[in-house]
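Report on one structure; see the data block that follows.
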Amino acid sequence: MKAKPILLFTILYVSLLQSLAQSDRSVEGSITDINNQPLAGVNVFIDETGRGDVSNAKGFFKLHGLAPGKYVLKLSSIGFITLSQPIDLTVEETVKLTLALKESLYELPEIVVSRETLTGGSKYLPDIPGSAHYLSLKVLNEFNYSDVNRILRNVPGVNLQEEDGFGLRPNIGMRGTGVERSSKITLMEDGVLAAPAPYSSPAAYYFPTVGRMQGIEVRKGSSQIKYGPYTTGGAINFISTQIPSDFSARVNLLGGNFGRRIAQASIGQSFEYGGFVLETYQQTATGFKELDNGGPTGFTNEDYLAKFRINSPSAAKVYQALTFKIGQATSDADETYLGLTQEDFDSTPYRRYASSQLDNITTKHSQYSVKYNIIPTRFMDVSVTTYRNEFSRNWYKLDAVKYGTNAKVSIANLLDDPSTYSDEYSIVTGQTSPNTDALYVKANNRSYYSRGIQMATGFNFKTAEIDHDIEIAFRYHQDEEDRYQWQDTYAMENGVMKLTTAGTPGTESNRISTAKASAAYLQYNLTYGKFSALPGVRFESIELTQLDYKTADPQRTGANLTTKDNRVGVWIPGLGINYSVTKSLNTFAGIHKGFAPPGFDKDDKPEESINYEFGARLVTSRLNTQAVFFYNNYSNLLGSDLAASGGGGTGDLFNAGKATVAGTELEIQYTFITGSKSIGVPVSLAYTYTDGKFGSSFDPDTEDWNNVVKGDQIPYLAANQLTLNAGMQHRLFDINVSSKYVGVMRTTPGQGEIPPSEKLNGNFIVDLSTNIRLNKFLTAYGSISNITNEVYAVARRPAGLRPGMPRSFTIGIKALL
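In terms of my numbering, the sequence shown opens at residue 1183 and continues consecutively.
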């Protein structure tokens, strides 16, 4: 009788072992990007079982304890297309996989993506015969910056001048082009020119909201002649949130000191015959500067975006897609051009004088585009985009000061020499003025439009051992700036500004500037074995017209009308070559003509230069390094009279003659991996050396470039820039440190020892961030910027010294479905 319970127990025990054995099947593998670099932090999940894992520093994952059966393994990571991989565990106990995720640039066929973007993403970077960089969403999420200045410090060869501390109106140049309102580089969003009026008034008072971008591309040198009209330094393309391949919903909430708040949300889906994405990005802050008598110094930005796509099925013989994009962005910022004297900056760097209490800029930007893609054959693709951007802004800000019967003094001259203008300084700081017309506040009221149509046709084919890719493109473009400004006067009474005279619109600046431009380029990419060449030529035909109705005719009757017009037609050739020494090592060189459109006066010449570069690039699974030498030889450099750069604000261009800019760019990225392979330690370095000099003597009679002598250094161009990043990556969290050094800069042209009044000292800023993956849907994050709370000046223009952002912190949470 005792044998029966023992037998029954034995049968149950054996059955349990068999069941456990059958349930102990597993799937494991490694995940890389398209360039075979390991991807950490990838969510790996099987919906049918609820089992999941996150890849480690080597990209390794493992799921075990699975019952026999067929499953679908889903891999997802920010910035990459979700991958669904079928697995069969009915036969084998362990399935081993090697998987590669593709970046989510555009939800279009690969050939279209490579043609419509500057880089084609990380996959194509090693083959570009020139200096190029792609910052993916994964990279952007490491620090979750909303300030484009802090992001672009990671790209060598980019010159930056901060202004407001939040990156609202950045000043960006490349390879010494000049940084004033980013007017010397080609700015694009999704391949469409983004400046308010790229030809007639390129100063970028509107800038794409970087916080809603899923990628940033930077291209410099000879490889970017197809991205005009500014071909000397380079081009930046901001890739907005794309229509996802599967259902996606995202929410991002952030808070911090200085009243910082960010709310971002998007939702999108693709179907067999189309897709959509809707997004909003809201940002506000109370500001870190303090007005003498209190008051707001912050801003509120609102951004909305919608995209809709109609497409043929992916399996269709002829693929076609029609994509509609509409967006609107508004901004209301209590920002000023009024800085501080040296003495006041040294004692209270975050002070705002009482006379800037009414300074405010309001803007509204609308964008519309329709893009048509067709791939009629396997060797041909066509893309046609029609676009229209509208922008209006009114920057109401202090322009000049008058004491009693003294002459009116500009705020730039006043703050440069406060001892000479001590009476005017007393009014600026809030003392009661003896006269009613003491403060001149200008309403810089302007409206813009930019519209056009562009078409690119590509042919790719192979003959014998040679790969050919030919691209022919055309763009017809029109843009306009309408200045309709006025000036009000105020008295100062015990720190409070009192309106005494209201100006009449059109009585300060009253003119319309227009441009019509036809551009075309032909580019031929030839690849033969380890060698590739990229010759190309661009043609620009530009008609510029300016109608100045004068301030005495605000009704624009034409009684005092004067007209300026200028025309230019120019061929812009370029050649880039690339040689693959090994599978990992490439060398490249290039020569191309640099160009920028002239001003409206017939005496204004276009900016022209011959630019050279030579470099090498090494890419392995853990190492990515690039070194480039460049030399830009200007036959004619263009200067501009912008209020933003301390000038008179006319916006006129002038010939500055010869100049040279030479430099070196170095970039190194490497990931150390611990013995347990659970933690990766990525380190990176981005270094730029730049030497820019004027080759001619001239006196343009502007406040920022005066009495230039041959051999003078170009201002606002640091000789040395260095960014060092280090991090710790775990499957569940990451910690990142970024240290940024910017060397000493001149603020006016000169040579020899820099006078203190014309000098910006170097600064070294350290930022810290962390991201904690709570589960597959939620990520908590936080950051501290300027950990050491270093006080530093970023500019002596438009008027006086301006501080960089003090120590700030943010915390936030993201949800991704």
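The beta-carbon is built from N, C-alpha and C at its ideal position, and this holds for glycine as well. Bear in mind that the values here come from a model prediction, so they are computed numbers and not experimental data.
- Counted as a single uninterrupted DSSP element, the alpha helix (DSSP H) harbouring N1323 occupies residues L1319 to F1325.
- Shown here for E1940: same chain residues with a beta carbon closer than 7 Å to its own, the five before and five after excluded, namely R1928, T1929, T1930 and G1932 in chain order.
- The segment 1784 to 1847 is shown to contain whole beta strand (DSSP E) runs of 3 or more residues at 1789 to 1801, 1805 to 1818, 1820 to 1822 and 1835 to 1837, in chain order.
- The DSSP assignment places complete alpha helix (DSSP H) segments of no fewer than 4 residues inside the segment 1478 to 1546 at 1524 to 1529, in order along the chain.
- In the three-state reduction of the DSSP assignment, G1450 falls in the strand class, which pools E and B.
- In this structure, A1314 lies away from V1209, with their beta-carbon atoms at least 8 Å apart.
- Separation of K1732 and T1689 (C-alpha to C-alpha, rounded to the nearest whole angstrom) is 8 Å.
- Contact annotation, E1847 with T1832: C-beta distance approximately 35 Å; criterion of less than 8 Å not satisfied.
- Only buried fits I1609, as 16 or more other CB atoms lie within 10 angstroms of its CB.
- If you draw a 10 Å sphere on the C-beta of Y1455, you find fewer than 16 other C-beta atoms in it, and that means exposed.
- If only complete runs of 3 or more residues are kept, the segment 1588 to 1615 shows no beta strand (DSSP E) anywhere.
- Secondary structure note for S1574: its beta strand (DSSP E) is the uninterrupted segment M1562 to V1583.
- Residue nearest to N1907 within the set S1866, Q1895, S1879 and P1938 is S1866 (criterion: CA-CA distance).
- Per DSSP, reduced to three states, the secondary structure at I1263 is coil, with no helix or strand assignment.
- No Cβ-Cβ contact shorter than 8 Å links A1701 with L1708.
- When DSSP states are grouped into helix, strand and coil, S1286 belongs to the coil group.
- Of the other Cβ atoms in all chains shown, fewer than 16 fall within 10 Å of the Cβ of W1753; this residue is therefore exposed.
- If you look at L1334, you'll find it in the alpha helix (DSSP H) that goes V1330 to L1334.
- By the neighbour-count definition (other C-beta atoms within 10 Å, threshold 16), T1414 is a buried residue.
- Judged by DSSP secondary structure, V1433 falls within the beta strand (DSSP E) whose first and last residues are S1430 to G1438.
- Cβ-Cβ separation between G1756 and G1772: approximately 7 Å, consistent with a contact (criterion under 8 Å).
- Less than 8 Å separates the beta-carbon of A1620 from that of A1673.
- The beta strand (DSSP E) runs lying completely inside the segment 1358 to 1430 and spanning 3 residues or more are 1368 to 1371, 1395 to 1402 and 1416 to 1422, given in chain order.
- Residue pairing by DSSP places Q1660 opposite R1633 and K1698 in a beta bridge.
- Between Y1253 and I1263, the gap from beta carbon to beta carbon reaches 8 Å or more.
- In this structure A1379 touches E1662 by the C-beta definition: roughly 6 Å separates them, less than 8 Å.
- One alpha carbon belongs to K1579, the other to R1984, and they sit about 16 Å apart.
- Residue pairing by DSSP places W1887 in no beta bridge whatsoever.
- Taking a 10 Å sphere around the C-beta of P1220, we find 16 or more other C-beta atoms and assign the residue as buried.
- Here I1228 carries a strand assignment [DSSP, helix/strand/coil].
- A residue is called buried when at least 16 other Cβ atoms come within 10 angstroms of its Cβ; D1881 does not meet this threshold and is exposed.
- G1339 and T1368 do not touch by the CB rule: their CB atoms are close to 15 Å apart, not below 8 Å.
- Taken through DSSP and simplified to helix, strand or coil, P1938 comes out as helix.
- Here R1442 is buried. Its C-beta has 16 or more other C-beta atoms within 10 Å.
- According to the DSSP assignment, E1210 belongs to the beta strand (DSSP E) that extends over R1207 to D1215.
- Bounds of the beta strand (DSSP E) holding I1759 are T1744 to S1762.
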